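For reference, the structure is listed below as C-alpha cells.
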Amino acid sequence: MPTEKRHEELCNAFKAEMQEYINEGFRANDCFPFVFANLIESTGIAATDRAELRQELMEWTAKIL
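Taking our numbering, the leading residue of the sequence shown gets 44, the next gets one more, and so forth.
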C-alpha cells in the first residue's frame, strides 16, 4: 500500500482531473473509468493497491453525483 501521503496525493490528483472533466460538462460516471485508468498508468501503482484506492475514489465520485 502506498504511504498515507502518497495515497492522499493520488486521491487529490484523481479528484482534480475528475473536477476538470465535470466542469467541462462531462458526467462523473462517464469519466471515472478513464480518469482512474490514467491515474494507474501514470503512477504505476501496484495491482494489489488498486482495489482499495478504486473503492475509495468510487465512493467519492458517488458523493458528487
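Ideal Cβ positions, reconstructed from N, Cα and C, are used throughout, including at glycine.
Computed from a predicted model, the values in this text were never measured in an experiment.
Residues near residue i in its chain [Cβ-Cβ closer than 6 Å; skip 5 each side]
i, result
"Y64", "C74"
"E47", "none"
For residue i, three-class secondary structure by DSSP
i, result
"F69", "coil"
"L108", "coil"
"A89", "coil"
Cβ pair residue i, residue j closer than 7 Å
i, j, result
"T104", "A71", "yes"
"L100", "F69", "no"
Beta-carbon contacts of residue i that lie in its chain and below 7 Å, excluding the five residues immediately before and after
i, result
"R97", "F79"
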